[in-house]
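Protein sequence lines correspond, in order, to chains E and W.
Once you know that position 83 of the first sequence is 82 in numbering that gives the first Met the number 0, the rest is easy, because the numbers rise by one and skip nothing.
Once you know that position 190 of the second sequence is 189 in numbering that gives the first Met the number 0, the rest is easy, because the numbers rise by one and skip nothing.
All C-beta atoms in this analysis are idealised placements derived from N, C-alpha and C, irrespective of residue type, glycine included.
2 protein chains.
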Amino acid sequence: MDKWDTGLERAGRFLVTMSELAQSLNLSTSTVSRALTRPEMVAPETLERVLAAVKANGYRLNGIAQSLRTRKTKSVGLIVSDIMNPFYSAIVRAVEGVAASNGYSVIVCNADENAEKEDEALWVLAERQVAGIIHAATGANLETLRALRGRGIAIVCFDRISGLEDTDAALVDNVEGARAATRHLLALGHRLVATIAGPDRLTTGRDRLRGFRDILEEEGLVVDEAYIERGDFRRESAYAAATRLLSLPVPPTALFVANNEMLIGALDAIRERGVTIPSELSIVSFDDVPWAGYVEPPLTVVAQPTEQIGRTAAELLFRRLEGDDAPKTVVLMPVLRERGSTAPPGADAREEVMRRD
Amino acid sequence: MDKWDTGLERAGRFLVTMSELAQSLNLSTSTVSRALTRPEMVAPETLERVLAAVKANGYRLNGIAQSLRTRKTKSVGLIVSDIMNPFYSAIVRAVEGVAASNGYSVIVCNADENAEKEDEALWVLAERQVAGIIHAATGANLETLRALRGRGIAIVCFDRISGLEDTDAALVDNVEGARAATRHLLALGHRLVATIAGPDRLTTGRDRLRGFRDILEEEGLVVDEAYIERGDFRRESAYAAATRLLSLPVPPTALFVANNEMLIGALDAIRERGVTIPSELSIVSFDDVPWAGYVEPPLTVVAQPTEQIGRTAAELLFRRLEGDDAPKTVVLMPVLRERGSTAPPGADAREEVMRRD
């Protein structure tokens, strides 16, 4: 191949397509191809026009595309739900570790718990030629997921189930985690137990609420719906929810918050109202945070095996890329970490509202 | 054009190049092109071979590339130094805001404070056709930065200066921030003042140490080099550094830590040795953290205008993309936030080591 050929092919995949160039010139693609690969076969004025268009349209014949080709960096995409949540930062690190050992780079997009942003991120990554995508699903965009997978991009979800058929997933047992948190509160003697749950459209939202309800029902306690608030896994929603809970005629003596960002919002509301943890209110949240041990009192949490979730998701993806197509879901176990934010209820706990049947 | 043509050109830029296909078949590129664009012009067995290779090599003739073409998502790249540091998460959010209002997506890479990973991230983003790159420079990779810029990719640095000529930068005044922190400690009466500085190769590392030294010298205090530790902006390095400082024959009564991640490492060491903040040791760090107010005692910090840094960096980038090539550096001011972790030194402060000249 002569230098034109080399340059064209390399540039072609990096900048504009040959057919775009041909269309702009009102020539057939094969004429353009010939002009660039075997210029001697094309009329001189046609060759001139093609070369002029190449320049005008941003083709680089010996430029960036060439140096890029020799590098051949391979990448996988990772879509997180909330870049501000340290859970996802830890996932990024874990995925990067596995990717690096497979010779891949990771490029990250933030969906911000927003279905439209997720859809855009999926397409952005697909266009950027990632071999596969790991994502914390918003629960929407099934069609896009199917389209990308149908076109050879491996898809793995983590944290939540996307609903995509036959996909791989790295999850934690959210029901069991919520059960452990709730069981812990009841074991301390609490009966006025409230929760700030996540959104119903997410498996993490639904399952953590289900675990909470399960234990109360198993213990024969009637669940007062006023004690069940729903947030969106962001701080502000939990601030509002906690404010409502603390304003109830009979406020709860214990609170299970369904994720770490909502915990911060709840803590703001609790502090603002001057409620003391744990003597007036015990609090346990789903998901540990790097600073849980530095807070006074240190926070009792249901810790997720975050590093393991990220690593598992990446391993599932690379298994797919190596040709293993059998769908696989790995469910990891969260673990209760008792610290100082939970304690038996104070003497003034009013137990009449949530009572044994 | 017939469907083959359309499919080939579009698929060609998405999956493998036509020349790769041709090489694998030991055919000329123009033969492959002809087989796909004008199949009637090619011998039937050649056509068969080409079509088989197309399938085997992952070409999609009517597939993803086609739908991608119509979407034309535009993107900018963002390289952060440490995805675990909430400072960078906040930067991602701010850059995304500006990018979205310009119709761009953001794809993020993590350099992990590592020059090699930064170099890889720069090339990965360039290959993924980003219009520009915003990065927190490791201080290396000048050649790569020049190469990418020479090829039309706009480059903006934030947080640290990359050293790239005529580039744009969104920075904070690190010297002034460190001066404010150190001035605060001296004003409280401390004379045994130590620091855990960042790495010398980063402007943030150098400038924050310079501000610390400046104030001590301006106040006529001799700086004991044993009180000056250097970390790498990660927790572990600061844990080790704080352990050394607390083991000195005459330990410091006040400590300035040069970033938020190192603060956590220092807090671990301080807690482990049972040192009480602030009565035995005052501590102030550069950079606020979302949880600084939840810790007991709440942490005194030099807060950066993080959102504004990210927004400024993005605005500088889009200004470049709109054709304004005049290099511009914006320096923003950090601000001291006094909380509970700094107080006058305890009665037993030994002032003989760091003394007035």
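For the segment 290-323 of chain E, list the beta strand (DSSP E) runs that are entirely contained and at least 3 residues long, ordered along the chain.
299-302
Assigned secondary structure, Asn259 (chain E) (DSSP; H/G/I helix, E/B strand, else coil)
helix
Check whether chain W comes within 7 Å of Asp295 (chain E), counting only Cβ atoms and requiring the distance to be less than that.
With the sequence shown as reference, residue 295 (chain E) is identified as Glu, and Asp is not the correct amino acid for it. Judged by the 7 Å Cβ criterion, Glu295 (chain E) is in contact with chain W.
Rounded straight-line distance, which links the Cα of Ala139 (chain E) to that of Val174 (chain E)
22 Å
Mapping the DSSP letters down to three states, classify Ile90 (chain W) as helix, strand or coil.
helix
Taking 7 Å as the threshold (beta carbon to beta carbon), is Met261 (chain E) in contact with chain B?
Within the model displayed, chain B is absent; protein chains E and W are what it includes.
In whole angstroms, what is the alpha-carbon distance linking Ala325 (chain W) and Glu115 (chain W)?
29 Å
For Ser74 (chain E), decide whether its Cβ has a neighbour in chain W, counting only Cβ atoms nearer than 7 Å.
yes
Taking CB distances under 7 Å as the criterion, tell me whether Leu133 (chain W) reaches chain E.
Just to set this straight, residue 133 (chain W) is Ile in the shown sequence, not Leu. Chain E contact via Cβ: absent.
Spell out whether any CB of chain E is found under 7 Å from the CB atom of Arg233 (chain W).
no
Is Ala239 (chain W) closer than 7 Å to Phe211 (chain W) when the C-beta atoms are compared?
no
At which residues does the alpha helix (DSSP H) containing Tyr238 (chain W) begin and terminate?
234-246
Take the Cβ of Gly197 (chain W) as the centre, count every other Cβ of all protein chains shown within 10 Å, and call the residue buried at 16 or more, exposed below.
buried
Shortest alpha-carbon distance to Val359 (chain E) belongs to which of E:Thr28, E:Gln128, E:Glu117?
Outside the shown range of chain E, which is 0 to 356, sits residue 359 (chain E), and nothing can be said about it.
Under 7 Å, Cβ to Cβ, is there at least one residue of chain E near Ser88 (chain W)?
yes
Going by the CB atoms, is the gap between Gly76 (chain E) and Leu124 (chain E) shorter than 7 Å?
yes
Can you have a look at Gly230 (chain W) and say buried or exposed, based on whether 16 or more other CB atoms are within 10 angstroms of its CB?
buried
Distance check for Pro343 (chain W) and Asp287 (chain W), CA to CA, integer angstroms please.
22 Å
Where are the beta strand (DSSP E) runs, 3 residues long or more, that stay fully inside the segment 106-144 of chain E, in chain order?
131-134
My understanding is that Pro359 (chain W) touches Gly345 (chain W), with C-beta atoms under 8 Å, so please give their C-beta distance in whole angstroms.
Because chain W spans 0 through 356 in this model, residue 359 (chain W) falls outside it and cannot be assessed.
Length-filtered (3 minimum) beta strand (DSSP E) runs lying within the segment 160-195 of chain W
167-171
How about the segment 218-226 of chain E and the segment 148-167 of chain E: do they share at least three Cβ pairs that are nearer than 8 Å?
no
Quick one: which residues of the segment 104-125 of chain E get their C-beta closer than 8 Å to a C-beta of chain W? List them in chain order.
Ser104, Val105, Ile106, Val107, Cys108, Asn109, Asp111, Glu119, Ala120, Trp122, Val123, Leu124, Ala125
For a contact defined as C-beta to C-beta under 7 Å, what are the partners of Ile82 (chain E) on chain W?
Ser88, Val91, Arg92
What separation, rounded to the nearest whole angstrom, lies between the Cα atoms of Arg92 (chain W) and Ala51 (chain E)?
41 Å
Please list the residues of the segment 279-306 of chain E that have a C-beta atom closer than 8 Å to any C-beta atom in chain W, keeping them in chain order.
Val288, Pro289, Trp290, Tyr293, Val294, Glu295
Please report the straight-line C-alpha distance between Asn84 (chain W) and Gly322 (chain W), rounded to a whole angstrom.
33 Å
I'd like to check one pair, Asp81 (chain E) with Glu112 (chain E): are the Cβ atoms closer than 7 Å?
yes
Among E:Val256, E:Glu126, E:Ser246, which one has its Cα closest to the Cα of Thr203 (chain E)?
E:Val256
Do Ala193 (chain W) and Pro251 (chain W) come within 7 Å of each other at the CB atom, strictly closer than that value?
yes
Taking C-beta to C-beta, are Ala357 (chain W) and Ala312 (chain W) nearer than 7 Å?
In the structure as shown, chain W starts at 0 and stops at 356, and residue 357 (chain W) therefore has no counterpart that could be examined.
Could you have a look at Ile152 (chain W) and say whether DSSP puts it in helix, strand or coil?
coil
What do you get for Asn25 (chain W), buried or exposed, if any count of 16 or more other CB atoms within 10 angstroms of its CB means buried?
exposed
Return the CA-CA distance between Pro333 (chain W) and Asn259 (chain W), expressed in angstroms with no decimal places.
14 Å
For Arg233 (chain E), which of E:Thr275, E:Asp213, E:Met261, E:Arg243 has the nearest alpha-carbon?
E:Met261
As assigned by DSSP and simplified to three states, the class of Thr45 (chain W):
helix
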